[in-house]
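2 protein chains.
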Amino acid sequence: MKTLKIPEATIIRLSVYSRYLTQLDKNGITTISSGEIADGVGGTPAQVRKDLAYFGEFGTRGVGYNVRDLNEQIIKILGLSNKWNVVIVGAGNLGSALTQYKGFLERGFNVVAVFDNDINKVGLRLSGIPIYPIARAEEIVKQERVQIGIIAVPAPYAQEVADTLVQAGVKAILNFAPRVISVPDDVELRNVDLAVNLEILTFNLGMNKK
Amino acid sequence: MKTLKIPEATIIRLSVYSRYLTQLDKNGITTISSGEIADGVGGTPAQVRKDLAYFGEFGTRGVGYNVRDLNEQIIKILGLSNKWNVVIVGAGNLGSALTQYKGFLERGFNVVAVFDNDINKVGLRLSGIPIYPIARAEEIVKQERVQIGIIAVPAPYAQEVADTLVQAGVKAILNFAPRVISVPDDVELRNVDLAVNLEILTFNLGMNKK
DNA sequence: GGGCCTATGTTATAATACTCACAAAGGAGG
DNA sequence: CCTCCTTTGTGAGTATTATAACATAGGCCC
Chain A
1 MKTLKIPEAT IIRLSVYSRY LTQLDKNGIT TISSGEIADG VGGTPAQVRK DLAYFGEFGT
61 RGVGYNVRDL NEQIIKILGL SNKWNVVIVG AGNLGSALTQ YKGFLERGFN VVAVFDNDIN
121 KVGLRLSGIP IYPIARAEEI VKQERVQIGI IAVPAPYAQE VADTLVQAGV KAILNFAPRV
181 ISVPDDVELR NVDLAVNLEI LTFNLGMNKK
Chain B
1001 MKTLKIPEAT IIRLSVYSRY LTQLDKNGIT TISSGEIADG VGGTPAQVRK DLAYFGEFGT
1061 RGVGYNVRDL NEQIIKILGL SNKWNVVIVG AGNLGSALTQ YKGFLERGFN VVAVFDNDIN
1121 KVGLRLSGIP IYPIARAEEI VKQERVQIGI IAVPAPYAQE VADTLVQAGV KAILNFAPRV
1181 ISVPDDVELR NVDLAVNLEI LTFNLGMNKK
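Line by line, the protein sequences are chains A and B.
The first sequence begins at 1 in the working numbering and counts up one residue at a time.
The second sequence begins at 1001 in the working numbering and counts up one residue at a time.
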């Protein structure tokens, strides 16, 4: 299990494989080949095997992979063996939607608190999850051992929220605000820009139209 | 202006440059160098110039780029010169949040309708945008000349919704459901899996911890 | 228990994307 | 008007990622 440099595209695909395997497992499928995985997720068999090869040998030659075992291995690789506590900053439309998004819990992410400075929202709950003022971020983060923060505030506030989260002790940030933010090197940062995704589509539409 | 193969990463960066340039323009900045853009968005000057070089020459040697002109060029490249009409399928938490997300309108995307089969929601409006039953998708899509559909329904319904959108005449789909879906070759498809983004973070946390 | 068959794991090859360094071009100043 | 200075645009070299081909290993059947 050599831990050289793993392409991010590989990690994304592993996530997708895992989701697919979970689905197969629910349907009672016990064994699958790299080719079948590839068909299921829209890839190639070689790519599937290459992705897995970064982390070890999980299959049986001539047979394929055990669905449940492989999924457990991938979940372990992705660091999802244990649950993760998450906080969300911003109780607007997007923040509220993310707070109540069931897909997070299914993959082991537990939203323990939402932060917002709107006094009309503080004290309320979203699907049982309490809304606190941002001033209490550090307290809650330490108390609940939160390692991941999600930023869902308007762009102008994104950097100061990031600073607050870092100060509070969060080790990874998922930023939904359409603004480039900077964090210390030891904090993982990932940006999800909703509009950018639409822009890639319109670019491609323009390319193929000719 | 040779239109060979443009890396997707380049398109993503162009979107980010554009956002940054818009911000600079609002602040009255008129001229900028590739190095300053790089600083602003967290990249390298060479990368900025290379990205732009795919599409032409936009700067003045010894001076830099005109902020407003460059932004207009990038907007044109991304296909954002004209407004795009968009429909969203799914009026749950995520669909509602996306419908009311201001970042889309800022970038030229106009949400004209939401579809949902929940009879308690049909007929209501989200920030003025009407909710219709999915059966009316084809009618509305044609009437409003919609080219882009956003899927924000639970995973099990994602494929049938995609089929419906394709049938209705949509040419690009942004899929938020955590399920691999397939569409005809002439339809652009892009997936945004919210949980996958968190999983990349946890993978990286695991890597750096050792 | 030995040979055949199948799907894996791996190595080699190709394609793609990034980095660096430099020459060319425009503007400013004398 | 010529020279110097700055920053672009580009082309070569490097690194990374994906594709394809192949040898290996495990199971199954006779």
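Glycine included, every Cβ here is placed at the ideal spot set by N, Cα and C.
Note that the structure is predicted; figures quoted are calculated from it, not measured.
Does the region 1052-1064 of chain B come close enough to the region 183-197 of chain A to have 3 or more Cβ pairs within less than 8 Å?
No, the region 1052-1064 of chain B is not in contact with the region 183-197 of chain A.
Would you list the residues sitting across from Pro45/A in a DSSP beta bridge?
Note: Pro45/A sits in no beta bridge, so no partner.
Taking Cβ to Cβ, would you say Ser18/A is nearer than 9 Å to Gly64/A?
It is not a contact, given that the beta carbons lie outside the stated cut-off.
Answer yes or no: do Phe1115/B and Val1087/B have a C-beta to C-beta separation smaller than 9 Å?
Yes, they are a contact pair.
Separation of Gln1100/B from Val1112/B, as counted between CA atoms
Distance between the alpha carbons of Val1112/B and Gln1100/B: 11 Å.
Does Pro1007/B come out as helix, strand or coil in the three-state DSSP assignment?
In the displayed model, Pro1007/B falls within coil according to three-state DSSP, outside both helix and strand.
Can you list, in chain order, the stretches of the alpha helix (DSSP H) that have 4 or more residues and sit fully within the region 149-182 of chain A?
Listed in chain order, they are 158-168.
Residue nearest to Asp25/A in terms of C-alpha spacing, selected from Pro45/A, Ala46/A, Leu165/A, Asn71/A
Answer by Cα proximity: Asn71/A.
The ligand ATP and Val1086/B: does the residue's C-beta get closer than 8 Å to at least one heavy atom of that ligand?
The ligand ATP is absent from the structure shown, which contains no ligand whatsoever.
Going by the beta-carbon positions, is the gap between Thr1031/B and Val1089/B smaller than 9 Å?
No, the Cβ-Cβ distance between Thr1031/B and Val1089/B is not below 9 Å.
Neighbour list for Leu174/A in chain B, Cβ cutoff strictly below 7 Å
Correct list: Asn1197, Leu1198, Leu1201.
When the Cα atoms are used, what is the spatial distance from Ile1134/B to Gly1043/B?
Taking the straight line from one Cα to the other gives about 43 Å.
Cα-Cα separation, Arg1145/B to Ile1129/B
Approximately 16 Å between the Cα atoms of the pair.
Might you give, ordered along the chain, the residues of its own chain that have their beta carbon closer than 7 Å to the beta carbon of Thr1022/B, omitting 5 neighbours on each side?
Contacts found: Asn1071.
Can you give me the C-alpha to C-alpha distance between Asn82/A and Gly108/A, rounded to a whole angstrom?
In a straight line, the C-alpha of Asn82/A is about 7 Å away from that of Gly108/A.
Backbone CA spacing between Trp1084/B and Val1180/B [nearest angstrom]
Rounded to whole angstroms, Trp1084/B to Val1180/B spans 25 Å at the Cα level.
Three-state secondary structure (DSSP) at Gly1079/B?
DSSP places Gly1079/B in coil when its eight states are reduced to three.
Please decide whether Ile6/A counts as near chain B, where near means a Cβ-Cβ distance under 9 Å.
With 9 Å as the cut-off, Ile6/A counts as an interface residue toward chain B.
Under 8 Å Cβ-Cβ, which residues of chain B neighbour Asn93/A?
Correct list: Ser1096, Ala1097, Gln1100, Tyr1101.
According to the Cβ coordinates, are Glu1153/B and Ala1177/B closer than 9 Å?
Checking the displayed sequence, the identity of residue 1153/B turns out to be Val instead of Glu. Yes, Cβ-Cβ distance for Val1153/B and Ala1177/B is below 9 Å.
Cβ shell of Arg1049/B (< 7 Å), same chain only, five flanking positions each side left out:
Within the same chain, Cβ atoms closer than 7 Å to the Cβ of Arg1049/B are found at Ser1034, the five residues on either side in sequence being excluded.
Chain-ordered residues of the region 1107-1124 of chain B with a beta carbon less than 7 Å from chain A
Going along the region 1107-1124 of chain B in chain order, one finds Arg1107, Phe1109 with a Cβ nearer than 7 Å to chain A.
Among the residues of its own chain, which have a CB less than 8 Å from the CB of Lys102/A, if the five just before and after it don't count?
Closer than 8 Å at Cβ, skipping near neighbours: no residue.
Cβ pair Ile1200/B, Ser127/A closer than 9 Å
Annotated as distal: Ile1200/B and Ser127/A, with beta-carbon spacing of 9 Å or more.
Would you mind working out which of Phe203/A, Arg125/A, Ile75/A, Leu80/A sits nearest Ala91/A, comparing C-alpha positions?
Of the listed residues, the one whose Cα sits closest to Ala91/A is Arg125/A.
For a contact defined as C-beta to C-beta under 8 Å, what are the partners of Gly1055/B on chain A?
It should be noted that the sequence gives Phe, not Gly, for residue 1055/B. Under the 8 Å cutoff, chain A gives no residues; its nearest Cβ is about 11 Å from Phe1055/B.
Start and end of the beta strand (DSSP E) containing Glu188/A?
It spans 188-191 - the beta strand (DSSP E) in which Glu188/A sits, taken as one unbroken run.
Apart from the five residues just before and just after Ala38/A, which ones in its own chain have a Cβ nearer than 6 Å to its Cβ?
Result list for Ala38/A: Thr44, Pro45, Val48, in chain order.
Range covered by the beta strand (DSSP E) that runs through Asn110/A:
In the DSSP assignment, Asn110/A falls within the beta strand (DSSP E) that extends over 109-115.
Which bits of chain B does Glu188/A rub up against, with CB to CB less than 8 Å?
Correct list: Leu1201, Asn1204, Leu1205, Asn1208.
Once DSSP output is grouped into helix, strand and coil, what is the label at Leu1124/B?
The DSSP-derived three-state label of Leu1124/B is coil.
Name, please, each residue of chain B whose Cβ falls closer than 7 Å to the Cβ of Ile11/A.
Within chain B, the residues near Ile11/A are Ile1200, Phe1203.
C-beta atoms of Ile1148/B and Lys1171/B nearer than 9 Å:
The criterion of a C-beta distance shorter than 9 Å is satisfied by Ile1148/B and Lys1171/B.
Should Ser1096/B be labelled buried (16 or more other beta-carbon atoms within 10 Å of its own) or exposed?
Buried.
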